[in-house]
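Student: The listed protein sequences derive, respectively, from chains X and A. Just so we're on the same page, my numbering is the position in the first sequence counted from 1, plus 1328. Just so we're on the same page, my numbering is the position in the second sequence counted from 1, plus 1.
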Amino acid sequence: MTGAQREMSFYESGNGHTGILSWVLSTDHKRIGLLYLFSMFSFFFVAVILGLLMRLELIAPGPSIMTAESYNAMFTVHGVIMIFLFIIPGIPAGLGNFMLPLQIGARDMAFPRINLMSWWFYMTGAIVIIVSLFTGGGPPDTGWTFYVPYSIRTGTNVTLAVFGVFLLGISSTLTGLNLVTTIHRLRAPGLKWFRMPLFVWSLYATGWVQILATPVLGITLLLLMMERLFGFGFFDPARGGDPLLFEHLFWIYSHPAVYIMILPAMGIVTEIIPVFARRTIFGYKAIAFSSLSIASVGYLVWGHHMFTSGMSDISRVIFSFLTFIVAVPSGIKVFNWIASMYKGSIKLSSPLLFTVSFIFLFSLGGLTGLIIGALATNIFVHGTYFIVAHFHYMMFGGTAFAFFAGIHYWFPKIFGKMYREKPAITSCIVLFAGFNVLYFPMFILGLEGMPRRYYDYLPRFHTGHLISTVGSWILAAGLMIMFYNLIRSIFIGEVAGSNPWGGSTLEWTTSSPPPHENFTEIPVVTEGPYRFRK
Amino acid sequence: MNQAFSNQTGNVDNIFLFITVISVVMLAIVTSLMIIFLIKFSRRKNPVATDIEGNLPLEIAWIVIPTILVLAMFYYGWVGFKEMRTPPEDAMPVKVSARMWSWAFTYENGRRSGELLVPLNKPVKLIITSEDVLHSLFIPAFRIKEDAVPGMETYLWFLPDRTGSYDLFCSEYCGTGHSSMISKVVVMPQEDFYAWYKKEEKGGAKGKSGLEILTENGCLECHTIDGSKNIGPGLKGIFGKRVTVVTRGQERGITIDEGYLKRSLVEPGADVVKGYSDIMPSQKEVLPEKEINTIVDYIKDLK
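1. Beta-carbon within less than 7 angstroms of A/Glu-202's beta-carbon, same chain only, minus the 5 sequence neighbours each way: which residues are those?
2. Would DSSP call A/Asp-168 helix, strand or coil?
3. Roughly how many whole angstroms lie between the Cα atoms of X/Ile-1601 and X/Leu-1428?
4. Return helix, strand or coil for A/Thr-130, following the three-state DSSP convention.
5. So the candidates are X/Gly-1483, X/Pro-1842, X/Val-1709, X/Ala-1667; which of them puts its Cα closest to the Cα of A/Gly-176?
6. So within the segment 1793–1819 of chain X, which uninterrupted alpha helix (DSSP H) runs reach at least 4 residues, ignoring any that extend past its ends?
7. Just how far apart, CA to CA, sit A/Arg-113 and A/Val-188?
8. Report the option in A/Ala-5, A/Glu-290, A/Ile-128, A/Ile-232 whose CA atom is closest to the CA atom of A/Val-150.
9. Residues in the same chain with beta-carbon distance under 8 angstroms from A/Gly-178, minus the five sequence neighbours each way, listed in chain order, please.
10. Consider the Cβ of A/Glu-173: report whether some Cβ of chain X lies at a distance smaller than 8 angstroms.
11. Say whether chain A places a C-beta atom closer than 8 angstroms to the C-beta of X/Ser-1673.
12. What are the residues that DSSP puts in a beta bridge with X/Ile-1674?
13. Just the Cα atoms here: how many angstroms apart are A/Ser-181 and A/Cys-171?
14. Helix, strand or coil: which one does DSSP assign to X/Thr-1330?
15. Does the count of Cβ pairs from the segment 66–85 of chain A and the segment 1642–1655 of chain X closer than 8 angstroms reach three?
16. Quick check on X/Glu-1776 - is its C-beta less than 8 angstroms from some C-beta in chain A?
17. So what does DSSP say about X/Asp-1469, is it helix, strand or coil?
18. Across which residues does DSSP place A/Met-101 in a beta bridge pair?
19. Pick from X/Leu-1572, X/Val-1405, X/Ile-1646: whose alpha carbon is nearest that of A/Glu-154?
20. May I have the straight-line CA-CA distance separating A/Gly-81 from A/Pro-67, to the nearest angstrom?
21. Check the Cβ of X/Met-1410 against every Cβ in chain A and list those closer than 8 angstroms, keeping chain order.
22. Using a Cβ-Cβ cut-off of less than 8 angstroms, list which residues of the segment 46–75 of chain A approach chain X; keep chain order.
23. On a CA-only basis, which of A/Ile-280, A/Val-267, A/Gly-165, A/Val-273 is nearest A/Pro-289? Give me that one, please.
24. Taking C-alpha atoms, which residue in X/Phe-1560, X/Gly-1465, X/Ser-1677 lies nearest to X/Val-1476?
25. Which first and last residues belong to the alpha helix (DSSP H) in which X/Ile-1398 is found?
26. Return no unless some Cβ of chain X is closer than 8 angstroms to the Cβ of A/Thr-21.
27. Residue ranges of each alpha helix (DSSP H) run of no fewer than 4 residues wholly in the segment 14–71 of chain A, ordered along the chain?
28. Note down, in chain order, all residues in the segment 30–44 of chain A with a beta-carbon under 8 angstroms from any beta-carbon belonging to chain X.
29. Would you list, in chain order, the members of the segment 3–16 of chain A that have their beta-carbon closer than 7 angstroms to a beta-carbon of chain X?
30. Give a yes or no on whether the C-beta atoms belonging to A/Val-186 and A/Ile-140 are separated by under 8 angstroms.
31. Taking the alpha-carbon of X/Leu-1413 as reference, which of X/Ile-1699, X/Ser-1499, X/Phe-1474, X/His-1720 has the nearest alpha-carbon?
32. Does X/Arg-1481 pass the burial test, meaning 16 or more other C-beta atoms within 10 Å, or should it be called exposed?
33. Is the CB-CB distance between A/Pro-282 and A/Asp-148 below 8 angstroms?
34. Closer than 6 angstroms by C-beta to X/Arg-1435: which residues in its own chain qualify, once you throw out the five before and the five after it? Chain order, please.
35. Assuming X/Leu-1692 and A/Leu-118 form a contact by the criterion Cβ under 8 angstroms, report the distance between their Cβ atoms to the nearest whole angstrom.
36. Kindly list, in the order they appear in chain A, the residues whose Cβ is closer than 8 angstroms to that of X/Ile-1699.
Here is the structure:
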């Protein structure tokens, strides 16, 4: 507690509006960050429920609780929500929005009104997608990849859903623009590039990917809509189009998008380890440059989603080569994280427990990525449950676990309250266990030949599916414990104080929750981050 | 995973093993170091931390060594892939046509089958295409897969090592019936295979009943013969029935006659029964006229 002269927090100080309007019309990056977090986690829960229902359907061979049409719509909507409404905006627009200005000693983002506009685009896109589920031919059933020609021919409401995703793309591009500009222009005096916290570096790399890659998705989806509405023959061979063109265009965005998801997660992890090990980060520059190299080489590997697509053999070889190159900087990060624990004075609090869970799950997911990156083995496991397992290890075990770590780490800063530690630790352990029971059997199922996106399966795959479904219940229990603990603590948690972890980055120098424009006086920075002994 | 069902099985499994062993070792190193550090340098045991900002030789080591390892993985993956993409000259060509939601295999002599029958110890080259949307031909036991793309030919090859029956899946999502787009690869002793292969030339398609043709061509994936509704209209009792169809966006009523049934086979999009999607591929290039007539006769009698 900073005591008597504590300023009014951004929750208390007005902004000319009251009630809900003080949120949805606010240009304060902190309020927008919270708007994002609240809306994203609402959608996350819908998609989790869809996932649980899918797992329940797969508990035994044959129809269990739904029809094939419903199942196909469910995995499509699960994917669209998780990817476009949760994990892409996820860390950058939620925690990034909230923390970036605080970490670089700024009063707000560079373009506060564009920031608000991007949330409105996000919500409009989300509403359009929700409307698409209940109108026209019903929810889209194409998978989140919208592969042609199926997506052109199906009678379901693909056009509207795709338009929703298009709007989300605009939102994401605007967020990226704000991140990059803010980092260039609004750093506090003395905050040189190599004094920036590494979370800021990761947001910088992410912002560039959002700006450069997302428009390609926008164009692709517009072409798809034109083909559906007006019968243009871009992609459907029946009209003289090329389905592989769509795959290329789609993955030119959607592979870099994977780095939009994982880079900021890596940033959070890099932020947490030094604070709980009470020492400097090992290899600051190596970590910063690995973010940039992942972001740049990451543009050139999209073809590894297409090793069985009928693309030419020479392209497959080149894309496989580049894919292995991009594996190296991710490895560098892992080694530096581990080295940053060496000779530390480590307290295994809940943010760090989530972080080490992340490192294990991310490493396992990343290493299985090598099997998928190699041509001969890719041909075997492509399109099977092996892939489903791999990307859930990266996206859920990776990004979402780091997201949870970040939420536990910054919770006292955002709300000024502290959650209870014991349930937090319990939830992490239950989540970790449930996660592995849910997704590890999928590696085995994939190697046994189980194709993905199957409503029904042969009896020989039953055991793996059964274990996996049981895992989904454990995972759900973990989520419930975690969110119960966090939500109750917003209201009745103990007051946290401005710097409960003893963090050394700028966000911990202001009060919790921060005042309206973050700092009474803009701080002057004289050294790099993560220095705990002065 | 170590039984050799085809030449590709061992090829892929060796590379899989190579990458997996390295990966498991790496994961074990990373995880055990992490756990050791968490215990050894816990705040209780090590109350004061030491700042270490980096170590250049170490950074170089963990850039160079993983780079060498992943390049080795790339190389072996490539070598194995080359093997997968180089069918021998004498491979037996089989044309594969995928459509929602069945497979059709056509042999050099025109023999057609819904299952892929192949002789033991003879290389087979599959030349794959699709009649409608993307599919993917996947034979897990042989470790091979390639997409079926409309308007394009792709290929796969394998040399079966052991007789038996193996699953053949569609592994590219293709709509409602995706998970039932399953067939079999049957590897037979050579004499059995050729006995089957040549049978057709003698008998021709004359003897095939309407039901056999419908079954072999996967028609029954969507159309039932017991009067129930599925993805397409059921076939029982539809002859002579009055239905509403959609013709170029306009609804109109027609009576199902021979002409309508034939047109629905060769030009399925022309008049689509109201309430159903326009997704059936044309059978024009698939079925000879004689078989189309057999089907029409069969449906007429299906009361």
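Ideal Cβ placement from N, Cα and C applies to all residues, glycine included.
Tutor: In short:
1. In this prediction, A/Glu-202 scores a pLDDT of 47, lower than 50, which makes its location untrustworthy; the coordinate-derived value is nonetheless stated afterwards. For A/Glu-202, where only same-chain residues beyond five positions count, the Cβ hits under 7 angstroms are Asn-110.
2. It is a strand residue.
3. Rounded to the nearest angstrom, the two C-alpha atoms are 18 angstroms apart.
4. In this structure, A/Thr-130 counts as strand in the three-state DSSP scheme.
5. Selection X/Gly-1483, X/Pro-1842, X/Val-1709, X/Ala-1667 evaluated against A/Gly-176 yields X/Gly-1483 as nearest (Cα-Cα).
6. List check, alpha helix (DSSP H) in window: nothing returned.
7. In this structure, the alpha-carbon of A/Arg-113 lies about 16 angstroms from that of A/Val-188.
8. Answer by Cα proximity: A/Ile-128.
9. Excluding five sequence positions before and after A/Gly-178, the CB atoms of its chain that fall closer than 8 angstroms to its own CB belong to Met-101, Trp-102, Glu-222, Cys-223, Ile-232, given in chain order.
10. A/Glu-173 has a beta carbon lying within less than 8 angstroms of a beta carbon in chain X.
11. So yes, X/Ser-1673 belongs to the interface.
12. Under DSSP, X/Ile-1674 forms a beta bridge with A/Ser-43.
13. A/Cys-171 has its alpha-carbon roughly 8 angstroms from the corresponding atom of A/Ser-181.
14. Confidence in X/Thr-1330 is poor, its pLDDT being 43 and thus under 50, which makes the residue's placement unreliable; the coordinate value appears in the next sentence. In the three-state reduction of the DSSP assignment, X/Thr-1330 falls in the coil class, being assigned neither a helical nor a strand state.
15. In short, these stretches touch, since the Cβ pair count reaches three.
16. For X/Glu-1776, the answer is yes, since a Cβ of chain A falls inside 8 angstroms of its Cβ.
17. Of the three classes helix, strand and coil, the one that applies to X/Asp-1469 here is coil, per DSSP.
18. Beta-bridge pairing links A/Met-101 to no other residue.
19. Of the candidates X/Leu-1572, X/Val-1405, X/Ile-1646, the one whose C-alpha sits nearest the C-alpha of A/Glu-154 is X/Leu-1572.
20. Their backbone Cα atoms lie some 21 angstroms apart in a straight line.
21. Those within 8 angstroms of X/Met-1410 in chain A number zero; the least Cβ separation is about 17 angstroms.
22. Within the segment 46–75 of chain A, the qualifying residues are Asn-47, Pro-48, Val-49, Ala-50, Thr-51, Asp-52, Ile-53, Glu-54, Gly-55, Asn-56, Leu-59, Glu-60, Trp-63, Ile-64, Pro-67, Thr-68, Val-71, Leu-72, Met-74, Phe-75.
23. Answer by Cα proximity: A/Val-267.
24. Ranking the options by Cα distance to X/Val-1476, first place goes to X/Phe-1560.
25. Reading the sequence as shown, one finds Ser at residue 1398 of chain X and not Ile. Bounds of the alpha helix (DSSP H) holding X/Ser-1398 are 1396–1408.
26. Yes, A/Thr-21 counts as interfacial toward chain X.
27. Taken in chain order, no unbroken stretch of alpha helix (DSSP H) lies wholly in the segment 14–71 of chain A with a span of 4 residues or more.
28. Flagged, chain order: Val-31, Thr-32, Leu-34, Met-35, Phe-38, Leu-39, Phe-42, Ser-43, Arg-44.
29. Answer in chain order: Asn-12, Val-13, Ile-16.
30. Cβ distance < 8 angstroms, so A/Val-186 and A/Ile-140 count as in contact.
31. Measuring from the Cα of X/Leu-1413, the nearest candidate turns out to be X/Ser-1499.
32. X/Arg-1481 is buried by the Cβ-count criterion.
33. No, they are not a contact pair.
34. These residues qualify, in order along the chain: Glu-1845, Asn-1846.
35. Their Cβ separation, rounded to whole angstroms, is 41 angstroms, which puts X/Leu-1692 and A/Leu-118 out of contact at 8 angstroms.
36. Ordered by position in chain A, the residues that pass the 8 angstroms Cβ test against X/Ile-1699 are Phe-17, Ile-20, Thr-21, Ser-24.
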